[in-house]
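Inspection log for the structure reproduced underneath, given as structure tokens.
In this note's numbering, the protein residues as written are 49 to 222.
Set out below in structure tokens:
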């Protein structure tokens, strides 16, 4: 199996586990079908030979279902912060999975994005994996862009296990 394909498999698993960790039922769907206002965030992670960028497009109405009750709802700043945090969590899960395959990435900071132009400009330059997830009858888009150097080493092969070694709520206690 090639490196790009393995990263995409790990990405699929990371997305599903992250959504489930938020206490939401999830269904993978094939199309993006939302007319609601969407908040967008992106985050990058790199190593010497691999670069990945995650673009997360989340309907505002869905953010309310995924954010902790302690954050409240309806506040534009909180919604913006939460979509940034979600992008960080999604890519963080993938990063943790890649560590187990001898691939250590350094993550950047999540950024808020106001349009789809940046995402469209990456489509021609990188391998792209787009996933749509239906949660509470709303669809979220998770898009991973992958750039692998020609001389990149292959990821180590082994049966991937989910890395749920701590509960999400434990992050508050660290």
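We treat Cβ as the ideally placed atom computed from N, Cα and C, and that holds for glycine.
Residue 127 - DSSP class collapsed to helix/strand/coil: helix
To which residues does DSSP link residue 179 through a beta bridge? 190
Taking the Cβ atom as the reference point for each residue, do residue 193 and residue 103 lie within a distance shorter than 9 Å? yes
Give the straight-line distance between the Cα atoms of residue 182 and residue 111, rounded to the nearest whole angstrom. 13 Å
On the DSSP letters alone, give me the boundaries of the alpha helix (DSSP H) that residue 57 sits inside. 51-69
On a Cα-Cα basis, can you pick out the residue from 146, 148 and 91 that is closest to residue 132? 91
Leaving aside the five residues before and after residue 86 along the sequence, list all residues of the same chain whose C-beta is less than 6 Å from its C-beta, in chain order. 105 and 107
9 Å Cβ cutoff met for residue 101 and residue 160: no
Can you have a look at residue 76 and say buried or exposed, based on whether 16 or more other CB atoms are within 10 angstroms of its CB? exposed
Buried or exposed: residue 158, going by 16 or more other Cβ atoms within 10 Å of its Cβ? buried
Please look up how many angstroms separate the CB atoms of residue 147 and residue 52, rounded, as I've assumed it's under 8 Å. 18 Å between Cβ atoms; not a contact.
DSSP three-state label for residue 95, please. coil
Rounded to the nearest angstrom, what separates residue 50 and residue 123 at their Cα positions? 44 Å
Three-way DSSP call (helix, strand, coil) for residue 79 in this model: coil
C-beta contact flag for residue 139 and residue 115 at 9 Å: no
Which two residues bound the contiguous beta strand (DSSP E) that contains residue 160? 159-161
Exposed or buried, residue 187, counting other C-beta atoms within 10 Å across all chains shown (16 or more means buried)? buried
Going by CA-CA distance only, name the one from 190, 162 and 151 that's closest to residue 93. 151
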